[in-house]
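Throughout, the numbering used here is defined as the position within the sequence shown, counted from one, plus 90.
Note that the Cβ used here is the ideal one computed from N, Cα and C, for glycine as well.
Down below is the structure, laid out as structure tokens.
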Amino acid sequence: MTFTHTFLMCLPKYFELAYVINPWMALHPNGVCTERALQQWQELYESISARALVRLIDPQPGLPDMPFTANAGLIVHDKVVVSRFLNAERQGEEQHFKEWFLNNQYTVYQTPAGLSFEGAGDALLDQKEFFLWMGWGYRSVLAAQEHLSNYLDVEVLPLHLVDERFYHLDTCFCPLSGGYLLYYPPAFDEPARRLIAQRVPSNKRIAISEEDAVHFACNAVNIDDLLILNCISSKLRSQLEQAGFEVIETGLSEFLKAGGGTKCLTLRLNDPLSANLRAVESAVANISLAY
91 MTFTHTFLMC LPKYFELAYV INPWMALHPN GVCTERALQQ WQELYESISA
141 RALVRLIDPQ PGLPDMPFTA NAGLIVHDKV VVSRFLNAER QGEEQHFKEW
191 FLNNQYTVYQ TPAGLSFEGA GDALLDQKEF FLWMGWGYRS VLAAQEHLSN
241 YLDVEVLPLH LVDERFYHLD TCFCPLSGGY LLYYPPAFDE PARRLIAQRV
291 PSNKRIAISE EDAVHFACNA VNIDDLLILN CISSKLRSQL EQAGFEVIET
341 GLSEFLKAGG GTKCLTLRLN DPLSANLRAV ESAVANISLA Y
């Protein structure tokens, strides 16, 4: 089977709560159940593998957060901006991700030393038009905007995050296929909310409740009309299904203790607009062959 979407994942072999670098970690002094985490990751892997190609990077001892591959970098076409982590605890991941990208023929960039930017955790391509949403305020700095624009030749729209629970953009904001947006408005300041309203029509914005937000409903993997995410309310499920999405819930309780969900555990290796274009081209080619 040929897939149009490709993701990068990392087996949580060394996953644990070894330090506290976000509010979620502080809530779980007893750590995580490694066996349960491996089972939950495997179920997510199988759900994604049924619809997309999944590539793997080897986990490394002493880097317990490496399974959160969304933070490996930001990819646009064959270019990648490798993360420059704010916290020393994660900075050891940078070289491993950089080497993987170089070995897989990506053109690699990185923001200047001292200028933190945490990859696809804080930068998400819109799925309808070619521009980039960038979160800043906790892990990535606003000054990264100019560098991303220059490296990737893309318009970058900065969104200021103001709730420390949602320290990365992908914890509270998820552009979806068809031009839809799943997001938690209170995570942003007023200028950011106005910018979102300017770019996304009201009938395409799906604002979620705090109940769903703290269960990382926005931290979803979107593959065409499929959404794979942690458990959500029946109301949100109904909204998503009415918008035309199929929803798969996959429990990730152990990873939520570290502040991550389905999206955090994956990195899309091909940007959604390019993937959708290839799908259309393939469909057209099949129609042509039929005639």
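Check                                                                                                            : Outcome
Short Cβ contact (8 Å threshold) for Leu317 with Ala282                                                          : no
Per-residue burial, Tyr109 [other beta carbons within 10 Å of its own, 16 or more giving buried]                 : exposed
Where the beta strand (DSSP E) containing Ile338 begins and where it ends                                        : 336-339
Complete alpha helix (DSSP H) runs within the stretch 266-292 (minimum length 4 residues, chain order)           : 280-289
Beta-carbon gap between His258 and Glu208 smaller than 8 Å                                                       : yes
Asn120, buried or exposed, once every other Cβ within 10 Å from all chains shown has been counted against 16     : exposed
Within 8 Å, strictly: CB atoms of Gly269 and Asn112                                                              : no
Cβ-based neighbour list, Phe256, same chain, cut-off 8 Å, excluding 5 preceding and 5 following                  : Cys262, Tyr274, Ala277, Ala303
Spatial distance of Phe345 from Met156 (CA atoms)                                                                : 12 Å
Enclosing alpha helix (DSSP H) for Lys103 [first to last residue]                                                : Careful: Lys103 lies outside any alpha helix (DSSP H) and carries neither H nor E.
Runs of alpha helix (DSSP H) lying entirely within the stretch 208-267, each at least 4 residues, in chain order : 234-242
Residue interval of the beta strand (DSSP E) (run including Asn312)                                              : 311-313
Separation of Gly351 from Gln198, as counted between CA atoms                                                    : The residue asked about is misnamed: residue 198 is Val in this sequence, not Gln. Distance between the alpha carbons of Val198 and Gly351: 26 Å.
Residues bridged to Tyr199 [DSSP beta-bridge criterion]                                                          : Val171
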